[in-house]
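Below: the structure, in structure tokens.
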Amino acid sequence: MLNTDKIYFYPYKIFEVERRKYLYTIYASGLFEIDNTVSKLLQLNGSTVESIKEALKIDLTEDKSIELLTDMENEKLLCRNEVSHDESQEIEKANFSALTLMLAQECNMRCSYCYGEGGEYNNKGIMTENVAFQAIDYLVKNSTDELLHIAFLGGEPLLNFPLLKKVVEYCKQISADTGKKFSYTITTNGTLITDNIEKYLTENKIVCQISLDGTKEKNDMNRFFRNKKGSYDVIVEKTKSMRHMNLVTARATVTPDNSDYKEIFNHLNELEFRAIPIAIAQNMVDDEQFDKILSEYINYIFYFEELILTKQYAKAKK
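With UniProt numbering as the guide, the letters of the sequence shown map in order to residues 1 to 318.
Given below as structure tokens:
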């Protein structure tokens, strides 16, 4: 990195949570905690490396300044030269049409492969109406698309069902005012679905994806409540009418002790789920186990080839 190089930062957003500063960068779609030195550096957009080293000399040695700049460049937080800077401006103008709202950072289940610390992500709480509406306003203001999409996630999003309803009603008002349309999806464990919730999801065409890992035996090994009781029976009962109406998708998770893709798929197909995406619990799989799972996946591909050759297209499309 030459002293004469000019440094430009890709578009970013800084916000504070509990007196700690975080930087979100659009280019890398990354989130970083930052200190006062980085905050100072961000004010030097367009400066040369030499002037940056001079400005930071109270905080960092020359070598440490170069190390910081290099690390930030590697993380796609900054770029050198005007060409890259022009590119960053194009990124800033890039259109987007979807928003994910994490309605609740808490969950009523304790699945063994959960990567979110029991759905709490080390910061238990629920989203407020103000935060949700600000996010929607930002989406509407910055998207040129006429059809916008909102995904409800958690934790378990149905723990904050009142906010989900407020969001949908807020979007209806925006549609009336602007002509923009909204579609919705929700990913839920399904255990909190009631008749009223089912009615609301159905009437508002909110596409529902349920987490279920196959047979009762296999599912309940990893997907259970706080008291270790399995979730299969509750989920199957709560989703009965939605499944029969072809309104709900199942998302299954493969683990070392539940890696028979074909068995998982066929069981969920028998339960009449409209689509059956399957993913691996990466945080539970080592290299040796991955080889076994890969072998099962290859068999799964051949199974789908068989479905297509025998013209079982409806099943294969799931």
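For each residue, glycine too, the CB sits at the ideal point set by N, CA and C. All values derive from a computational prediction rather than experimental measurement.
Where does residue i land, buried or exposed, given buried means 16+ other C-beta within 10 angstroms?
{"i": "R20", "result": "exposed"}
{"i": "M245", "result": "exposed"}
{"i": "E106", "result": "buried"}
{"i": "F9", "result": "buried"}
{"i": "Q173", "result": "exposed"}
{"i": "L309", "result": "exposed"}
{"i": "T194", "result": "exposed"}
{"i": "S282", "result": "The identity of residue 282 in the sequence shown is Gln, whereas the question assumes Ser. When all chains shown are included, Q282 counts as exposed."}
{"i": "residue 389", "result": "This structure gives no information on residue 389, because the portion of the chain shown stretches from 1 to 318."}
{"i": "L163", "result": "buried"}
{"i": "V83", "result": "No answer about V83 holds up, because its pLDDT of 43 lies below 50 and its placement is not dependable."}
{"i": "V248", "result": "buried"}
Report all residues from its chain with a CB closer than 8 Å to the CB of residue i; omit the five preceding and five following residues, and keep chain order.
{"i": "N299", "result": "Y261 and K262"}
{"i": "E67", "result": "none"}
Assign residue i to one of three DSSP states: helix, strand, or coil.
{"i": "T239", "result": "coil"}
{"i": "E16", "result": "strand"}
{"i": "Y262", "result": "Contrary to the premise, residue 262 reads as Lys rather than Tyr in this sequence. Of the three classes helix, strand and coil, the one that applies to K262 here is helix, per DSSP."}
{"i": "M245", "result": "coil"}
{"i": "S295", "result": "helix"}
{"i": "V167", "result": "helix"}
{"i": "I280", "result": "strand"}
{"i": "Q289", "result": "helix"}
{"i": "K181", "result": "strand"}
{"i": "K6", "result": "strand"}
Using C-beta distances below 6 Å, list every residue in its chain close to residue i, excluding the 5 sequence neighbours before and after it, in chain order.
{"i": "F304", "result": "A316"}
{"i": "S211", "result": "N189 and R251"}
{"i": "K218", "result": "N258"}
{"i": "V167", "result": "A132"}
Which residues in the same chain have their Cβ closer than 7 Å to the Cβ of residue i, if we skip the five residues on either side of it in sequence?
{"i": "K180", "result": "V140, E146, L148 and I174"}
{"i": "D257", "result": "M221"}
{"i": "L31", "result": "Y22 and Y24"}
{"i": "N36", "result": "none"}
Exercise for review: Could you name each continuous beta strand (DSSP E) segment of 3 residues or more that falls completely within the region 113-164, going from the start of the chain to the end?
Suggested key: Runs found: 147-153.
Practice item. Could you tell me which uninterrupted beta strand (DSSP E) segments, each at least 3 residues in length, are contained entirely in the region 194-232, listed from first to last along the chain? Key: Listed in chain order, they are 206-211.
Practice item. Assess, as a yes-or-no matter, whether the region 183-202 is touched by the region 219-236 under the definition of 3 or more beta carbon pairs within less than 8 Å. Key: Counting Cβ pairs under 8 Å, three or more are found: they touch.
Practice item. Only counting runs of 4 or more residues, tell me where the alpha helix (DSSP H) segments fall wholly within the region 9-66, in order along the chain. Key: The region 9-66 contains these whole alpha helix (DSSP H) runs: 36-42 and 49-55.
Review point. Using 8 Å as the Cβ pair cut-off and three pairs as the minimum, do the region 149-166 and the region 267-275 touch?
Key: Contact fails between the region 149-166 and the region 267-275, because fewer than three Cβ pairs, one in each stretch, are under 8 Å apart.
Review point. Hey, is the region 38-56 in contact with the region 112-121, meaning 3+ C-beta pairs nearer than 8 Å?
Key: Not touching, per the Cβ criterion.
Review point. On the three-pair Cβ rule with 8 Å, is the region 235-243 touching the region 284-293?
Key: No: fewer than three Cβ pairs fall under 8 Å.
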